[in-house]
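**Student:**
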Amino acid sequence: MRFATRRHHLRAVPVATMFRVTDRLHCGRTVRVPGHEIAPIVSAWLAELGAHSPLVDELARAARVGDWSLACAIGDQLSVDVAVSAAA
């Protein structure tokens, strides 16, 4: 005996992952941004201090791919914290 089956085609709705980025050097200033904005915001914060670092791109990449041990290590070097932001 064969049973008829129905295939339901579900479409995934892309949801941009948002990240919480905290500047440890400026009273814990925090922003909520998509992954592609991590490097620009951290670069801007560093520029306020007269600094520049190529590590900001590595930080953003590590966060986007979920390599949290690397993101934490780089964040320590840059004095920032990055975490996945809870949905609003």
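Residue numbers for the sequence shown follow this note's numbering, beginning at 2 and rising by one.
Even for Gly, the Cβ is constructed at its ideal location relative to N, Cα and C.
Could you name the residues that DSSP lists as bridge partners for R33?
**Tutor:** If you number the sequence shown from 1, residue 33 lands on position 32. R21, per the DSSP bridge assignment.
**Student:** Looking at C-alpha atoms only, which residue of R65, L71, D77 and D82 is the closest neighbour of H37?
**Tutor:** Your numbering for residue 37 matches position 36 in the sequence shown. Of the listed residues, the one whose Cα sits closest to H37 is R65.
**Student:** For the alpha helix (DSSP H) that D58 lies in, which residues bound it at each end?
**Tutor:** Sequence index remark: in the sequence shown, residue 58 carries index 57 (1-based). First-last of the alpha helix (DSSP H) with D58: L56 to V66.
**Student:** What distance in whole Å lies between the Cβ atoms of A48 and L60, which are believed to be in contact at a cut-off of 8 Å?
**Tutor:** Taking the first residue of the sequence shown as 1, we reach residue 60 at position 59. Taking the first residue of the sequence shown as 1, we reach residue 48 at position 47. So it is not a contact: roughly 15 Å between Cβ atoms.
**Student:** Straight-line CA distance for V22 to A87?
**Tutor:** Locating residue 22 in the sequence shown gives position 21, counting from the first residue. Locating residue 87 in the sequence shown gives position 86, counting from the first residue. Going by the C-alpha atoms only, they are around 12 Å apart.
**Student:** Within the same chain, show all residues whose beta-carbon is closer than 7 Å to that of V43, passing over the 5 residues directly before and after it, in chain order.
**Tutor:** Taking the first residue of the sequence shown as position 1, residue 43 is located at position 42. These residues qualify, in order along the chain: V22, V57, L60, L79 and V81.
**Student:** When you compare the CB positions of M19 and P41, do they come within less than 8 Å of one another, or not?
**Tutor:** As a working note, residue 19 is residue 18 in the sequence shown. As a working note, residue 41 is residue 40 in the sequence shown. Not in contact: M19 and P41 (Cβ atoms no closer than 8 Å).
**Student:** Using a Cβ-Cβ cut-off of 6 Å (strictly less than) and excluding sequence neighbours within five positions of R33, which residues of its own chain qualify?
**Tutor:** For this step, residue 33 is matched to residue 32 along the sequence shown. Here the set comprises M19, R21 and S86.
**Student:** Can you give the Cα-Cα distance for A52 and W46, rounded to whole angstroms?
**Tutor:** The residue given as residue 52 occupies position 51 in the sequence shown. The residue given as residue 46 occupies position 45 in the sequence shown. Roughly 9 Å between the two C-alpha positions.
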